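Residue numbers (the numbering used here): 128 to 561.
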């Protein structure tokens, strides 16, 4: 099927940023650089940028009246069809700006652009429902603020959605649709909880691969498991989580889950709307935080990732920090210096450099809390061996007249389940079972 981005006419856009007391010109420029990459991912092209130094955004038009007139001139001279603001816009601000810029120019903000990209990349049924729900709760009121029909949805960047191509203007219809989507997503959440309970019962450790968008999460999962996930050099190439089994060198199986990337200025309502997508990080046993160390802003990106993990309540888990893209000919590792956190790996997911060392460190973290235990399982309780296979790593089984003598690497949960069969449960050192 032809890419939807190719089917739409490419939007020519002006990017607008405000330099306030909270942000310097350098910070605004960096944010606009990222906004331009978001626009490129959505299929648009930036033809100009406009910034203004202002103590606080104008209540009516964000920028002052003079800058608004300059923006209108820029749009008219460059055949501009889209203006993207790097800050959040209110419905009245969108209406006022579009009145100034004319009917041929759409005005959206950063959040609306991110939602548009989510709409492009949603693959699963739940992902599409989440996108539509977020668009209805965030984008629709802003489009109504213009006083036009919601049929604008489906007409270009900031207006697309995987749900209905035209939304009726009746607010009661929107409320009914929001309720229906919430009900469907809640039902999917119940199903996912059932699946999660089964995984927990099996005792397989879950590792969530998290990090800033375009850090290389999907490339790493493909490298480790041949998952076949789309891995592009674009922001938010992955939206729906993907889980694959991976066998560690010791024989222990783990689950690796690729997650949607984080980004700076990701509004709280978007975090809330996509909580079920992001919850893989909340329920994981271990986190792998991937950072693109070739990016000059990698420290800020790591801070954004850690802050969002904290907001999700997932910041207290064992963590392996993975600095990716160490193959680009820059002194990346030197740039990190002595500030690298504990449990750090330096890799190139693209070339495979350092991946073996990463796996070894992941194995060490995954096996923490496990120890070798010898069990004697009577023949009449042979089903317990099945339980042991599901909850621990069985190293050997010796079948005897009285029963089965089993040696296994077991964590606290498995040891609790099999406690009555243990004949040697003496804590040993890590070196003893490596």
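The C-beta atom is built at its ideal place from N, Cα and C for all residues, glycine as well. All of these numbers come straight from a predicted model, not from anything done at the bench.
If you look at residue 140, you'll find it in the beta strand (DSSP E) that goes 139-146. Of the candidates 483, 446, 422, the residue whose Cα lies closest to the Cα of residue 374 is 483. Rounded to the nearest whole angstrom, the C-alpha separation of residue 479 and residue 183 is 48 Å. Where residue 526 is concerned, the enclosing beta strand (DSSP E) starts and stops at 520-526. A direct Cα-Cα distance of roughly 36 Å separates residue 312 from residue 188. The alpha-carbon of residue 527 is positioned some 26 Å away from that of residue 538.
If you compare the alpha carbons of 450, 493, 301 with that of residue 472, the shortest gap goes to 450.
Sorting 143, 197, 156, 137 by C-alpha distance to the C-alpha of residue 172 places 137 at the top.
In this chain, the beta strand (DSSP E) harbouring residue 533 covers 530-537. DSSP, read as helix, strand or coil, puts residue 318 in helix. By the 16-neighbour rule on beta-carbons within 10 angstroms, residue 310 is exposed. For residue 372, the three-state secondary structure derived from DSSP is strand. A straight-line Cα-Cα distance of about 9 Å links residue 521 and residue 499. A straight-line Cα-Cα distance of about 43 Å links residue 452 and residue 533. The beta carbon of residue 147 is closer than 7 Å to those of 181, 182, 183 in its chain, skipping five residues each way along the sequence. Here the region 334-341 makes contact with the region 420-439; the two share three or more CB pairs at distances below 8 Å. Contact between the region 153-165 and the region 187-201 is absent, with fewer than three C-beta pairs closer than 8 Å. It is roughly 24 Å from the alpha-carbon of residue 249 to the alpha-carbon of residue 419. When the Cα atoms are used, residue 186 and residue 220 turn out to be separated by approximately 7 Å.
Residue 332 counts as buried, since at least 16 other C-beta atoms from the protein chains shown sit within 10 angstroms of its C-beta. Contact between residue 228 and residue 209 is ruled out by a C-beta separation of about 10 Å, above the 8 Å threshold.
By a beta-carbon distance limit of 8 Å, residue 413 contacts residue 492. Their separation comes to about 6 Å. Ranked by Cα distance from residue 487, the options 379, 515, 510, 441 are led by 379. 243 is the residue among 251, 253, 243, 300 whose C-alpha sits nearest the C-alpha of residue 262. Under the three-state reduction of DSSP output, residue 241 falls in the helix class. Distance check between residue 540 and each of 234, 510, 496 places 496 closest, using alpha-carbon atoms only. Going by beta carbons, residue 444 and residue 407 fall outside the 8 Å limit. Under the criterion of beta carbons closer than 8 Å, residue 207 and residue 232 qualify as touching, at roughly 6 Å.
Here the alpha carbon of residue 470 sits roughly 22 Å from the alpha carbon of residue 536.
In chain order, 382, 384 place their CB closer than 6 Å to the CB of residue 370, counting only its own chain and leaving out the 5 sequence neighbours on each side.
Under the three-state reduction of DSSP output, residue 443 falls in the coil class, being neither helix nor strand.
Each residue's CA atom was taken as its position, placing residue 299 and residue 226 some 27 Å apart. DSSP lists 140 as the bridge partner or partners of residue 173. Residue state for residue 312 is assigned as helix, using DSSP reduced to three classes.
Secondary structure of residue 551 (DSSP, three-state): strand.
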